[in-house]
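If you count the sequence shown from 1, position 121 lands on 985 in my numbering, and the numbers rise without skipping.
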Amino acid sequence: MLNAYDLMTKTPETIAPDDDIVTAARIMLDKRYNGLPVVESDGTLVGIICQSDLINQHKRLNIPSLFTVLDGIIPLRSGSDMDAEMRKISASKVAEAMTPAPTSVTEETPIDEIATLMVDNKYHSLPVVKNGKLVGIVGKEDILRTLLPKEEPKE
865 MLNAYDLMTK
875 TPETIAPDDD
885 IVTAARIMLD
895 KRYNGLPVVE
905 SDGTLVGIIC
915 QSDLINQHKR
925 LNIPSLFTVL
935 DGIIPLRSGS
945 DMDAEMRKIS
955 ASKVAEAMTP
965 APTSVTEETP
975 IDEIATLMVD
985 NKYHSLPVVK
995 NGKLVGIVGK
1005 EDILRTLLPK
1015 EEPKE
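Written as structure tokens, this is what we have:
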């Protein structure tokens, strides 16, 4: 059975937490990437930033509904959720917009587990890590390629 090592892009393009989101957007658009792993200078994976994280910049802020009971106001949504949403909407740096501590796989993770994670959680790509360091990335396209017939070697 195939595993992440067999499928992954071994030297994925990355971005640093201190880079601005304009740089992230430009790379994603120019290279047609759905997302970029966010790594520290030593290669440690700290997050992932996806197109949907950047689209949050134009999202309408949903004000939480409130109800009153005995002169007390009770929000139907936690203040920390609203704070996190506001940070993403107003982000200027990758660290402010990224998803921290993303789900990742190892080089030995089998293809069926990768596919299950992608489908069940609506992930488009999964970072591949070894000892906390990014060593690759597996995208949906990598899984799709396995469905194509292998080309015959030319003589």
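All C-beta atoms, glycine included, are put in the ideal place defined by N, C-alpha and C.
Supposed contact pair leucine 918 and isoleucine 885 - C-beta distance, whole angstroms, cut 8 Å: 6 Å
Check each candidate in Leu871, Asn867, Met865 and name the one with the smallest Cα separation from aspartate 1006. Leu871
For the 8 Å Cβ check, are there 3 or more pairs between the segment 996-1010 and the segment 896-916? yes
Could you check which residue in Ile912, Ile975, Pro974, Asp882 has the C-alpha nearest to that of threonine 967? Relative to threonine 967, the option among Ile912, Ile975, Pro974, Asp882 whose CA is nearest is Ile912.
Separation of serine 916 from lysine 923, as counted between CA atoms: Confidence at lysine 923 is low in this model, with a pLDDT of 49, below 50, so its placement is unreliable and the value that follows should be read with caution. Cα-Cα distance, rounded: 10 Å.
Where does serine 956 fall in DSSP's three states? coil
Among Glu904, Ser956, Leu1012, whose alpha-carbon lies nearest the alpha-carbon of alanine 889? Ser956
So, is alanine 965 buried or exposed, given that buried needs 16 or more other C-beta atoms within 10 angstroms? Its Cβ having fewer than 16 others within 10 Å, alanine 965 is exposed.
Applying the criterion that 16 or more other CB atoms from any shown protein chain within 10 Å of the CB defines a buried residue, is valine 905 buried or exposed? Per the sequence shown, the amino acid found at residue 905 is serine instead of valine. Answer is exposed; the Cβ neighbour count stays below 16.
Please give the ranges of any beta strand (DSSP E) in the segment 870-931, keeping only runs that are unbroken, at least 3 residues long and fully inside the region. 899-903, 909-914
From this set, Ile879, Asp882, Glu972, which residue's C-alpha is nearest asparagine 995's C-alpha? Glu972
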